[in-house]
Structure formats: structure tokens, C-alpha cells
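If you read the sequence shown in our numbering, its first letter stands for residue 338, the second for the next number, and so on.
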Amino acid sequence: MTPEKLAARLRRRMATDPLLREVREAARASGVPAWLVGGAVRDAALGCPSEDLDVAAGRGAGRLVRDLGSLWGHRGFRFRKRGVTTWRFEVRGRKVDVVDASGRGIERDLRRRDFTVNAIALDLVGGRTLDPLGGLRDLEAGRLRLPRPGVVREDPVRALRACRFLAEFPAFRLDPAARREAKAAERGLRRASAERVRDETDKMLVAPRPDLGLETVERLGLLGAVLPETIPLRRCVAGEGRPDVWRHTLDALARSADPGRLPGAATARDPDAARLLRWTLLVHDLAKPETLDRRADGRPTFHGHEIAGARLADAMLRRLRMPASFRRRVSRLVRFHLRPHHLADAGAPERGLRRLVRDAGDDLPVLVLHAACDALASGSPDARARWRRLRPVLVQLLALHERSKTTPLPTLVTGTDVMSVLGIPQGPEVGRMLCEIRELLEDGVVTSREEAMEWLREAR
């Protein structure tokens, strides 16, 4: 693609993107030189959609920031990193970063960026494309190249960003110099903030090829710095005749990125559910190495790895500063991830199906798709036979989940009723009794409040 074609494509995008037009008009009105840079320009060249905007502002950057703040009704959050001042705006669910490039000039600003493909700029006022480092050639060649030596050494997180980029754009390859710098980043990456490592890992996991991104992290020798909890998964057998647990994890993630017509596949189209699924797949077998045992015939077993795994998953996500609500959802899914398989082995008893639907709640579709990806990535010699047993169970679970949303069961008794009739204080026993009554209602054993209260009185 030529600079002229890219400029024309960006002008067309501007015609349909109100936020981008607002930035351009503010730059024109304020008289401040401003360039669109980074991912928005790169994605336009690749023909990909883009949400967030990065703007490099010349002399008078503060004036442009004030004008944008007045337009959007709030001041941007100002921060400074490695001598560069940036203002960040959150506008209609999108981010706009305005970088003060007045002291460096636009060409020097482009040279400080991570890769040449992100060092292409569009003059928002003049409409001219600036590509001093050959980023367009690198885009055409599918090459991830550094703008200058030492870029990764200055910020080791850029090594992880390279892996994330390859997960997002699998056709690209690392330039030899970029690969050398990335391989040398392990020590610096260990000192990086947990939040930055988390954010790059998160973007990698929701990319089209999370398995390729993680494979690159491993090949570069960065896995111990980024996800040390996964190191024991390598060389830990996943089961008889199966690859190691790390390979199984990567294969399951690859399945989740292309679920096709698997049960629960529709849930992968929801960004929040897809993100939950990918993180859960990453951590679901963390406890296999510590629970590995051998039967008398030598076959490996992992009794209780789902319980221990929920604990390890929570600890890892806590280290990465994940929100508590997200940690709870992931840990719960890890704890439940074997239950669909157990139900299939037990002949899919209706009560067990209903109980799992109730326990998993709104995350049941994620659990179903997780079970499908887990099973199809097992590598087990009997994988096809097990999948034939499991698939109908997953379909049943989804049907029961849909039915529970459209025709919810009535509440016959409350926790207060349970405490009053049984004479017990608030606590786990109250919840257990409420669950029992719900199961009795589902089974048709009790059908009214009077029958439920009578059952409670008999349970005293």
C-alpha cells in the first residue's frame, strides 16, 4: 500500500467515525499540529476495524487537550512515562490518547515507538501520510521490526507486546533483531508491573490466535516471567497417550478461537464471555502437576485437580491484579469444569444436569463451550468416543439453561422461613436447605409453599 492510498483510506474512515472527526476539527480550530499514529493507522492499512485513537500533538499540545476536554465535558487523565506526557480521554466507550510531541517533533516521536508498523502517521490537518521508518513496507512483508536498536531494552513489556501482536496477526513474523531483543527481555519483564503484564496477556488471550501468542512467549523464554504458574504444565503428562498439559492447554485455546458449531459456540461472540472462557481455559489444569498420581497399572490420575486448580487460578489472577469478581467467576468455572464430563459418564441424570445449571448460573454457556474445547483438545486415544457421549449432555445443559431463564421456578420459602422453622442462625445450613427445597420443586416432590413448609417441619 502506498502512503497516498493509506491517506485516502483514512479519510474515508474519518467520514464514518465521529470521534476521529472531532479530533481533527479540534486540531484545525486550535491551530495545533496533530497526527494520528499507532494502531488506528496500522489497522486502516491492514483493513481491520479500530476503536482506540492515538494522537501525537505538536507545539500547543496543551491547548488541543483543553479544547478536547471542553468538547467532551471532562479533562483527560494526565500521566508521564519515560519522559513523555500523555493525556488519556475515555469517550463513548473508547480511549483517545494525546501525546505531547512538541519537544521532539513527529519524526523523533515515531522513532520512540515499539515497532515500525506502529510508527506511521497521518497529518490530521494536512491529510498527508508520514512513514519515515518504512512501516508500510513492513506491513506488506508481514514483518515486525524495531524502529531502532534498544527499544525493547527500554521497555521490556514490548517483548510481550510482540507476542500479543503475533496472536492478533498470525501471518506476521518477528524480525531477527526484534527476536534477539525480545529474548533478552526476560529479566526486565520480571520487574514490570503486574497490571501491564496482565493487560498485554489479556489482549493476547482474546486475539484470533491466543495459542500462537503463548507459543511465542514460550519460544522466547519469557513464560517464567509472564506466567510462571504454567511452567510445571510443560512435561506434565495430561493423561494416558496424551500430550503434556501445556500442549493440551494451547490446543484448547485454539479450539475456543474457532468454535464453529460446538455447543455454546454462540457465547464466544460475546466479548465478556469470550474473555472469561479464554482465561479459564488457560488456568483450568494448573493443579494437574501437583495432583499427579499413578494407578497400579501406571496410568496417570489427577484426583481433585479441579478443586486445587480453582485455588491456584485465584492466586494467579490475584497476582495479576484481576478484579475480585472476575477471579470468582474463573475459579468457579475451574471448580466445575469436570462436571459435564462426569454427568456424561453417569448417563446424564436429570437431577445432576439441573443442579449444574443452577450452580453455574449465567456462566453455564461458557462452561459448556469450555467442556467442548477441553474434550476436543484432549489428544486422548478414546477422544472421539468420549465426545459422542459428552456432546448430547452439553446440548441438554444449554436447553435447561434457556428454560430456566424463560420459566424460572417460584420461590416457595425464604431463608427467614428456614431459620424460623428449624431454629438455626444464618449460615451455610440455611443455603443448603434452600437448595434441597429447590431440587424437590424441580422434581415435583413439593409444588406449593405449604408443602415446602411441611417438609421443613419434618426435617427438624
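The beta-carbon is built from N, C-alpha and C at its ideal position, and this holds for glycine as well. Computed from a prediction, not measured in an experiment: that's the story for all the values here.
- Fully enclosed beta strand (DSSP E) runs of no fewer than 3 residues occupy 371-374, 390-394, 414-418 and 421-428 of the region 348-436, in order along the chain.
- For A531, the number of other beta carbons within 10 angstroms of its own is below 16, and it is reported as exposed.
- The bridge partners DSSP lists for V574 are D581.
- The straight-line gap separating the alpha-carbon atoms of V782 and R615 is approximately 40 angstroms.
- Listed in chain order, the alpha helix (DSSP H) elements of length 4 or more contained wholly in the region 663-729 are 676-682, 687-697 and 701-713.
- Each residue's CA atom was taken as its position, placing R358 and A382 some 18 angstroms apart.
- Pairing W724 with L737 gives a Cβ-Cβ distance that is not under 8 angstroms.
- Checking the DSSP bridge columns, you'll see A602 has no partner listed.
- For D475, the enclosing alpha helix (DSSP H) has its first and last residue at G472 to A478.
- In terms of Cβ geometry, R485 and S439 do not form a close pair [threshold 8 angstroms].
- The beta carbon of M756 lies closer than 8 angstroms to those of P762, Q763 and V767 in the same chain, with the five residues before and after it left out.
- If you draw a straight line from the Cα of D711 to the Cα of S717, it is about 11 angstroms long.
- In the three-state scheme derived from DSSP, where H, G and I count as helix and E and B as strand, T744 is classed as coil.
- Nearest to H678 by alpha-carbon distance, out of V732, V667 and L503, is V732.
- A Cβ-Cβ separation of about 17 angstroms leaves E555 out of contact with V494 under the 8 angstroms criterion.
- Contact between A496 and L549 does not hold, since their C-beta atoms are separated by about 16 angstroms, which reaches or exceeds 8 angstroms.
- Around the beta-carbon of A345, fewer than 16 other beta-carbon atoms lie within 10 Å, marking it exposed.
- According to the DSSP assignment, D536 belongs to the alpha helix (DSSP H) that extends over A531 to L542.
- With the rule of 3 Cβ pairs closer than 8 angstroms, the region 590-608 does not count as touching the region 631-650.
- Nearest to D651 by C-alpha distance, out of S668, L690, R612 and F639, is S668.
- Rounded to the nearest whole angstrom, the C-alpha separation of D391 and F673 is 42 angstroms.
- DSSP places D460 in no alpha helix (DSSP H) but in the uninterrupted beta strand (DSSP E) bounded by A458 to D460.
- Here DSSP, grouped into helix, strand and coil, assigns P596 to coil.
- An exposed status is given to F414, since fewer than 16 other beta-carbon atoms sit within 10 Å of its beta-carbon.
- Shown here, R655 sits in a helix according to DSSP, grouped into three states.
- Pairing T453 with V435 gives a Cβ-Cβ distance that is not under 8 angstroms.
- Beta-bridge annotation (DSSP): R510 is paired with R480.
- DSSP places P637 in the strand class (E or B) of the three-state scheme.
- Taking the Cα positions, V369 is about 20 angstroms away from D468.
- Of the other Cβ atoms in all chains shown, fewer than 16 fall within 10 Å of the Cβ of P386; this residue is therefore exposed.
- Pairing S407 with G399, the inter-Cα distance amounts to about 12 angstroms.
- Contact annotation: S741 and V703 have beta-carbon atoms that are not nearer than 8 angstroms.
- Of the residues assessed, T553 falls on the buried side of the cut-off, its CB having 16 or more other CB atoms within 10 angstroms.
- Contact check for A371 against A394 passes: the beta carbons are separated by less than 8 angstroms.
- Excluding the 5 residues flanking it on each side, E505 has same chain C-beta neighbours closer than 6 angstroms at A544, in chain order.
- Inter-residue distance for W409 and R417 is about 22 angstroms (C-alpha atoms, whole angstroms).
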